[in-house]
Structures are given as structure tokens and as C-alpha cells.
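A short worksheet on the structure shown next.
Numbering (our numbering), first residue to last: -8 to 705.
Spelled out as C-alpha cells, the structure:
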């Protein structure tokens, strides 16, 4: 496209190849015939008879809420942002205003306030003292970064008091001034007032800011609202919504965000403004701070309207600080051990590569799909299973079906497993070890719609545990000298939540009496005494139980157990006959979600599912599974988050040196000095067991060890 724009047509491009870069010139010359054939085959047909006029094809007003819901359900975040941008530009001429929804204030206009750089600590003190004259007014703090938020230098901080007529900008260089640092700490810290904390702090993704400020001795205990977290609680479909997208949907202008959302303007009621010039970091941070402030009041009302205020105050808001403290602490890694694991995997991968080539009858690039396809289906004559747009598939599911057809398939599957471990974890984890010998991953609370936490940079949640090689990586996560890792995870929390929510007598009794739940389930499903349950029966019952927690149906169960769909359906039917209250709960959940349009946990976590009303059967069926899943996973997530917040608070209150360093699904790791081990173990058990009053016991598996592996596996 760039070449056509520059030169006009193909003839001119090929006539002026000498003006292009050597590599591009070489590629075009080698493929001229293909380029010209492509041009011949792909013209726009301009002679097709059309029976409507252009006036009839003009687009009307789109349903932004339905569109955002559909694209969110399909997890098409980037296309969503692009499409909304296009629609905004198309609708830029349809400017209008309307009254705000009843009971909620309109989002105030932004006016591109002037930004005043602060020259010294004294100037910052003036800003802080001015904010103290209106102690109940919030203060927006928005960072400007040199690179990735929380992982790069802090260029400065925009500070905007509610109702102020200018934005103050604290240059990052002043953070080396002890006086300025102390004054900033005074601004960020919670100070009790008669009706709550004074000078509440508002920000967007403040965890990243905490990650940089905590090592400087600044602890933002005054956080009142994180607009990213607030928007997520109002509608978890927002996920990791950028401030630009939130501003766009609210009809607010923001540098670099393009046109604003007309539909939001019509819903919320205020005049559109043109986006201000982006300016430098100070101006950009100032404009962002103004938008955050404008969103804050609105979000507070929306949180109240959806009943999520308590969830924010008691769980999600304090969790921001807990996760930041975990990220700053990091988890210690034995570099030598990690390197040895990586070396062993590299050696094994090379050995398997040679074995595959020998079995295939000659050398080829094992990682090349084209070459592998030729080897499997042409040279070795294996029967193709599935055809894609580019040819017969060589993916894992296909290879599994061919496993018994030729020994090369087994070697290929093993090679891919080892190579993934080597590249993703052997090399990947090594690259993430910081100068202090620790991995400082990020933990995200606004990604999963069920409320579950996720991890990235690196993703420590995905460290494999089912294979021996995968488990070996846990040997590289260690405690420092004189300390151990206390590892605690909830025992079968999803199944206990199912028992609680369904109040099924059989499940409740099994948990209350401490019986093996999978043996009990197998006994009911297969109609035998518990003493007669075989390992195969127990394994299948376990798959059914956990599958139900994720909305699995007969087809999914058949894939997991490698059995016909009919047999899987019969197993599910017998499960529901043995535990009828579970089926009733799931049926009632779907009906209630269809009536309300959302599911809701006991703590007020909602998940909206407008797809339940879809005319498309598959979309509607997927939404029904999500409705069943949301209540179970949502309450499990709430329980774990409550435990995490309470445990961190109690460790801090007791002034213990122990600290939470890692969270993986329903498991947490506490790094504890030897002198505190007994106290920390008892505290962890008490806190996790008492996080929520289920009708069945909340049991916790707890162990200690000098490495994650030794604590987890003995």
C-alpha cells in the first residue's frame, strides 16, 4: 500500500526498483509475476447491478451497548477499539446532548486545565496544604512514564485536586529530594477524618505507581478509587480497559485518543470538545488526570447503582496495594538451578530432534509446518485428519489422533512439550530474573471476568505441574537463607463452593464428614459402594466435578476422557441423578441470569450476559455455560481475594518480617523467617479458613520448605 501510494501503480513501481532498499528490490523482482497476478485477480467490481440508492445505505444510530457487549463477549478488544473509533468519526457530525440517567450525575466536561511544573519541594508543599483545606475532596495522581508503566522511570506526577483550576506536575527528578519525597508521602497517605479518610486519592491503574513508589518508602494508603478497578466492577467485560477507551465511552476528550464517543454523550449529557494537543509528558499526564477526575464521580455513582461499593471498599481497593507489595517483594530464584534445568531441557530437545529426523528418514526442520506436513503425509503416508486453509493440520490435537500410527508422532509430541518448556520457562524465566535475584511478576485484578487474578511478565500461573519437567521449575523458586516458604492453597474450593451454592445434601455431608469427595462422587455416579470405587472411576468422577465448575457439557467431557459423547452424556446424567440439587442450582442460575441479564456473587460481583437472549443457539448455549461458571468461579475468586487482603493486613499489623511473595490460582506463598514460621502457618490457616462462611468447611493444604517444590511435593 505504501508503494502504490508513493508511485501510483505497479508499472511505475517495477520501473523504479532501483530507488528501493536492496531487500525490497530483490523481493519484488523475484515475485513480479505473482504480484501482477494478484492484482489481476483482486480488482473491485464496479459493474454489479445494485437496486438501492446510496441514501438508503446511510448508517443510522448504532446500538453501542449491544455492540460493545457482543465484541466483548467475543474477546475482540482491539477490533472493538478500532471499530468504535471509526463509528465515532462517522458520527462526529451528530453532536447532541441528553439528560443523564436518573440518579447518576453527568460526566463533567474537561477543559484542558493549564499544567504548572513544580520547581522544588516548597512548591509541592503548597499544593498539599491547599488540598488539606478541602479534606473531603479527592486528589487525582497520574504518572508520566518513560516506558512501560511500573517498569520504567517515572518522568513525573500530575496532581489535580478536585475543583482546582490548574494541574501541578511534580518532575521525577524531585523524587530524589528527601523533603519532596516526604511531602509526597504526606499527600498519598491516609489520614483519618470524622467520616473517613481525608484527601482521598484517585488514580487509574495505581498499582503500577505503587510499584515504583513503595521502594522509595512511599505507601499510598490514601487510595480511595482506582478508575480501572471501578470500571471493571461496574462491568467486568471492560477487562483491562485503557483510560483512552473509558474516556471515549464517556465522551471525554483525551490527547491521542482520537474522536470521542457520541453515544456516550447522548447517554450522559454534556457537550463534546475537540481533543487538546498532546503536548509533552506533563501536559499529557495533566489531561489524563483531568479525565480521571471527571470519571471518578460518575463511577462512584455507578458502583453504588450496581451494588459493588462494598466489594470495592472491602476487597478490590485494598487488594491494589497488596498486589503492588507482592510485585515489589518478588520471589527469589536460584539462578544456578534454573540454568541447570534449562541446559537439561536444551539437551533433551536436541536429542529428540535428532530422533525425529532419524525416524522420518532424513533431516528436515522440525519446527517448519510445511516441512513437517510433507514428512508426515507425503513421505511417511500418514492419514491426514483435518485440513486448514493452508493445508493439512499438524497441530497437537491432530498428532494425538496419529500417535499410534508411527513412532515419529510420539517423538514429535514429546519434542514439542520439551521445547515449549525450554523456550517459555527455561529461557523465559531466566530472562525475567532481576538484579536482586528475584522475579517481579505482575498480578492483574481486572482481566478475568470471573474475578480471578492473572499473572504476566512473566506468567507464573502457567508454570506446568502435571509433568515431572514442569514440576522441576518449582525447585528454582527458593527462600532466602534463614527463611522458608509457607505454601498454602485451598483444597477443592470450586467443589466446596458448588456444595454451598447448591446445598446438595450428598455433597454437603461428604465435605462435612471429611470424606474423599471424588470417591463419594464416583460412588454416586457409578452406583457402587465407596470401597468398590476403582482409580478409573475416581478419575472420571473428578473430571466431571471440576468440569461442572467450568460449565463443561457432554462434548467437552468426552474429549477430556477420550470416550464417545453418548457415554459422557450418560455419566453426566448419572451425576445429576446422584446430586440433583446441583442440577437445580445450575438450571436456576441460568433462568435468573436470563431474567436479570447478569449473575451476581454474594459479595456483589456481577457478570453481565446479554448473550443469553441471543437468537444464535451456539452463542446462547455458551452464555449459559458462562452463567453456571460465573457464580462458582466468582465466589471462589472473592474468597481468595478476601483471604489475601486479610492475611497481608495481619502480617503488617503484627509487624512481622514475613511477606506474601507469590499467588498462583488458589495458592499463595509466604516468605517467612525461621523465627516466625509457626506463627505465620497458624495465621495463614486461620485467615484462609475464615475468609467466608461457607456451609461446608473451607480446608487449606499447608506446608513449608526451602523451595516451592519441597513445600509442595515434600
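Don't be surprised by glycine CBs; every beta carbon is placed ideally from N, CA and C.
For residue i, collect the residues of the same chain with a Cβ closer than 6 Å to its Cβ; drop the 5 residues on either side in sequence, then sort them by chain order.
i: residue 384; result: 377
i: residue 678; result: 634, 637 and 638
i: residue -4; result: none
i: residue 187; result: Below a pLDDT of 50, predicted positions are generally treated as unreliable, and residue 187, at 49, falls in that range; the measurement from the model is reported next regardless. Excluding residues within five positions, none has a Cβ falling inside 6 Å.
Please state whether DSSP places residue i in a helix, a strand or coil.
i: residue 447; result: strand
i: residue 354; result: coil
i: residue 608; result: helix
i: residue 654; result: strand
i: residue 83; result: Legend: pLDDT at residue 83 = 39, less than 50; position of this residue unreliable, no value from coordinates given.
i: residue 204; result: helix
i: residue 248; result: Confidence in residue 248 is poor, its pLDDT being 40 and thus under 50, which makes the residue's placement unreliable; the coordinate value appears in the next sentence. Coil.
i: residue 541; result: coil
i: residue 453; result: helix
i: residue 71; result: helix
i: residue 379; result: strand
i: residue 279; result: helix
i: residue 591; result: strand
i: residue 108; result: strand
i: residue 480; result: strand
i: residue 264; result: Bear in mind that the predicted position of residue 264 carries a pLDDT of just 34, short of 50, making it too unreliable to give a figure here.
i: residue 637; result: helix
i: residue 285; result: helix
i: residue 629; result: helix
i: residue 424; result: strand
i: residue 294; result: helix
i: residue 187; result: Summary for residue 187: the model assigns pLDDT 49, below 50, so the residue's position carries little reliability; its value from the coordinates is reported in the next sentence. Of the three classes helix, strand and coil, the one that applies to residue 187 here is strand, per DSSP.
i: residue 553; result: coil
i: residue 254; result: Any reading at residue 254 is ruled out, since the residue's pLDDT is 33, under 50, leaving its predicted position unreliable.
i: residue 469; result: strand
i: residue 548; result: helix
i: residue 61; result: helix
On the DSSP letters alone, give me the boundaries of the beta strand (DSSP E) that residue i sits inside.
i: residue 714; result: In this structure the chain extends from -8 to 705, so residue 714 is not present and cannot be described.
i: residue 776; result: An answer regarding residue 776 cannot be provided, because it is not within the stretch -8 to 705 covered by the chain.
i: residue 694; result: 691 to 696
i: residue 434; result: 433 to 435
If you drop the 5 nearest sequence neighbours on each side, which residues of the same chain put their C-beta closer than 7 Å to that of residue i?
i: residue 207; result: 166 and 172
i: residue 501; result: 508 and 511
i: residue 170; result: 112
Might you give, ordered along the chain, the residues of its own chain that have their beta carbon closer than 8 Å to the beta carbon of residue i, omitting 5 neighbours on each side?
i: residue 306; result: 594, 629, 632, 633 and 636
i: residue 676; result: 479, 691 and 693
i: residue 205; result: 315, 316 and 319
i: residue 391; result: 404
i: residue 448; result: 142, 423, 432 and 433
i: residue 340; result: 406, 409, 410 and 413
i: residue 484; result: 627, 630, 631, 657 and 689
i: residue 682; result: 630, 631, 633, 634, 637 and 689
i: residue 387; result: 404 and 407
Going by DSSP, what residue range makes up the alpha helix (DSSP H) through residue i?
i: residue 586; result: 571 to 587
i: residue 400; result: 398 to 411
i: residue 2; result: 1 to 6
i: residue 210; result: Here residue 210 belongs to no alpha helix (DSSP H), and DSSP marks it neither H nor E.
i: residue 599; result: Here residue 599 belongs to no alpha helix (DSSP H); instead the beta strand (DSSP E) covers 597 to 599.
i: residue 193; result: Careful: residue 193 lies outside any alpha helix (DSSP H), inside the beta strand (DSSP E) at 192 to 194.
i: residue 22; result: Where residue 22 is concerned, there is no enclosing alpha helix (DSSP H), given that its DSSP letter is neither H nor E.
i: residue 43; result: First-last for residue 43: undefined, no H or E at that position.
Between the options, which lies nearest to residue i when the distance is taken from Cα to Cα?
i: residue 325; options: 421, 367 and 407; result: 421
i: residue 571; options: 559, 493, 443 and 57; result: 493
i: residue 27; options: 333, 544, 1 and 271; result: 1
i: residue 202; options: 288, 235 and 145; result: 145
i: residue 71; options: 397, 353 and 237; result: 237
i: residue 616; options: 128, 590, 342 and 640; result: 590
i: residue 574; options: 544, 551, 601 and 596; result: 544
i: residue 334; options: 373, 464 and 372; result: 464
i: residue 597; options: 299, 163, 53 and 214; result: 299
i: residue 216; options: 648, 387, 209 and 181; result: 181
i: residue 367; options: 445, 393, 345 and 342; result: 393
i: residue 663; options: 149, 4 and 473; result: 473
i: residue 302; options: 277, 379 and 224; result: 224
i: residue 63; options: 601, 646, 655 and 703; result: 601
i: residue 453; options: 467, 415 and 359; result: 415
Exercise for review: Give, in chain order, every unbroken run of the alpha helix (DSSP H) that is at least 4 residues long and sits entirely within the stretch 111 to 184.
Suggested key: 112 to 123 and 169 to 179
Review point. For the stretch 299 to 350, which segments carrying the alpha helix (DSSP H) assignment without a break, of at least 4 residues, lie completely within its bounds, in sequence order?
Key: 308 to 320
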